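If you want our numbering, it's the position in the sequence shown, counting the first as 1, plus 12. Note that the Cβ used here is the ideal one computed from N, Cα and C, for glycine as well. Just so you know, these numbers come straight off a predicted model, no measurement behind them. Worksheet: the structure to be examined is printed underneath.
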Amino acid sequence: MVDLPPIIPFEPILKPAIWGGNRLQKFLQVPPTDDLIGEAWLLSDTASDPSVVSTGPLAGRNLRDLMDSCRDELIGVSKSQRFPVLLKLIDARTELSVQVHPTNELAKKLEPTSSSVGKTEAWRIIDCADDSIIYAGFSKRCSSEAFRVAIDSNTVLEYLNQSRPEPGGCYFLKAGTIHAIGKNILLFEIQQTSDITYRLYDWGRVDPVTKQPRTLHIDKGLEATDFSILRCEPIEPTLALKGQTTTARLVDCPYFTFNEIEIQEPLFIGNQGVARAIVPLQGSVEIVAGNTSIVAKNGYAYLLPAQHGMALLTPRDDAVIMDCTWK
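Rendered as structure tokens:
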């Protein structure tokens, strides 16, 4: 049996994007760059970008290596060969493309040479502007044929459901949900470990490097779209109060469970045999597990491996953390 440390911290992976901005560098307290950064991958087991342990006895090893060498100790007994979830921060300076992700079944059909699965995801809004918009689901009944015409005629907004996000709001998007993150939105995302994205519409945007429009995936995207999903609005969380700590159950789906915890006093979290990832978004919190103590940094992922599973969270001021488990 491999003896894992009780807390495993990971280094974010910054991902440039033409729609990205410069807020993630400040949020993560890393040096500014000349690139527009759209995403920070906080915990990733994708083939191209596995997360790397930042400090401690496993420093320098990546998540793929750990999954290969000690999967059961890391995530518990699981059928998943890859780490089941991908955690991200997203900074949308301008709108992302109108896009869709396939279900597990359609991922196998549409990408037969890929080992990727489908992509169900959830967003927790960190910050947004008064004119920011979340596009999720259809505003009215639509068919594949009608939406293809709308793409060609630049009238897709006639069919997209639009809502005004608010900080703290959460959206749950099942695979097959058409969606786009609007401008001036900073959010946290939990998703299945998949990087399959089909762009259906890109606002007439031209890539400043290639001077060409970005590639669209209309045929596959329309096949992956669930046209029955209408009006995807912010979800109503289930709240639980323990002392001065509030836990909001945001999402509990077949792939992951996603909680937001507002901590004002010490809190024990977790169970042995169950792995979880903790991502602070606000305030300051100390994580203590076994003989290890870490003052967690906002926007960074801290994995409590299944071998240990439990920790004491002690806030140094009012703190908000994302608590993520998977199935």
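How is the beta strand (DSSP E) around R288 delimited, first residue to last?
288 to 294
Top-ranked residue by Cα proximity to L16, from Q319, T227, Q204
Q319
Taking the CB atoms as reference points, tell me whether L262 and E272 lie closer together than 9 Å.
yes
Run of the beta strand (DSSP E) containing M334, from where it starts to where it stops:
331 to 338
Answer with buried or exposed for Q111, where buried requires no fewer than 16 other C-beta atoms within 10 angstroms of its C-beta.
buried
Taking Y171 as the reference, give the member of C140, E178, Y213 with the closest Cα.
Y213
Kindly list the residues whose CB is nearer than 8 Å to the CB of A287, restricted to its own chain and excluding five residues on each side of it in sequence; keep chain order.
L86, I87, G88, L315, L316, P317, A318, G321, T337, W338
Just to confirm, is the Cβ distance from T250 to I190 under 9 Å?
no
Please work out which residues of its chain come closer than 6 Å, Cβ to Cβ, to T106, disregarding the five sequence neighbours upstream and downstream, and give them in chain order.
W31, K195
Can you tell me whether DSSP reads A52 as helix, strand or coil?
strand
Taking contact to mean at least 3 C-beta pairs separated by less than 8 Å, is the stretch 176 to 189 in contact with the stretch 239 to 255?
yes
Close beta carbons around L305, own chain, < 8 Å, minus the five adjacent residues each side:
Residue identity differs from the one stated: residue 305 is Ser in this sequence, not Leu. Answer for S305: E298, I299, listed in chain order.
Flag this pair as yes or no: are the beta carbons of I146 and P177 separated by less than 9 Å?
yes
Which residues does DSSP pair with H191 in a beta bridge?
Q111, A148
Nonlocal neighbours in the same chain, by C-beta distance under 8 Å from P62, ignoring five residues either side:
S56, N74, L75, R76, D77
Whole-Å CB distance - Y312 paired with P24, under 8 Å assumed:
7 Å
Opening and closing residue of the alpha helix (DSSP H) in which I197 lies:
Here I197 belongs to no alpha helix (DSSP H); instead the beta strand (DSSP E) covers 197 to 204.
State the start and end residues of the unbroken beta strand (DSSP E) segment that holds V263.
257 to 264
Apply the 10 Å Cβ neighbour rule to P21 and answer buried if 16 or more other Cβ atoms are within range, or exposed otherwise.
buried
Which parts of the stretch 24 to 77 are runs of the alpha helix (DSSP H), unbroken and 4 residues or longer, counting only runs that do not cross its ends?
35 to 40
Using the Cα positions of F159 and L228, report the straight-line distance between them to the nearest angstrom.
14 Å
So what's C82 in DSSP terms, helix, strand or just coil?
helix
Rounded to whole angstroms, how far is the Cβ of E9 from the Cβ of S175, which I believe are closer than 8 Å?
Since the displayed the chain opens at 13 and closes at 339, residue 9 lies outside it and no answer follows.
Report yes if the C-beta distance between I102 and L40 is below 9 Å; otherwise report no.
no
Is the Cβ-Cβ distance between V332 and G295 less than 9 Å?
yes
A141 - containing beta strand (DSSP E), residue span
No beta strand (DSSP E) holds A141; DSSP gives it neither H nor E.
Same chain, Cβ closer than 6 Å to G68, five either side skipped, listed in chain order
P17
Leaving out five residues before and five after G302 in sequence, what residues of the same chain have Cβ atoms less than 7 Å from its Cβ?
P18, H320
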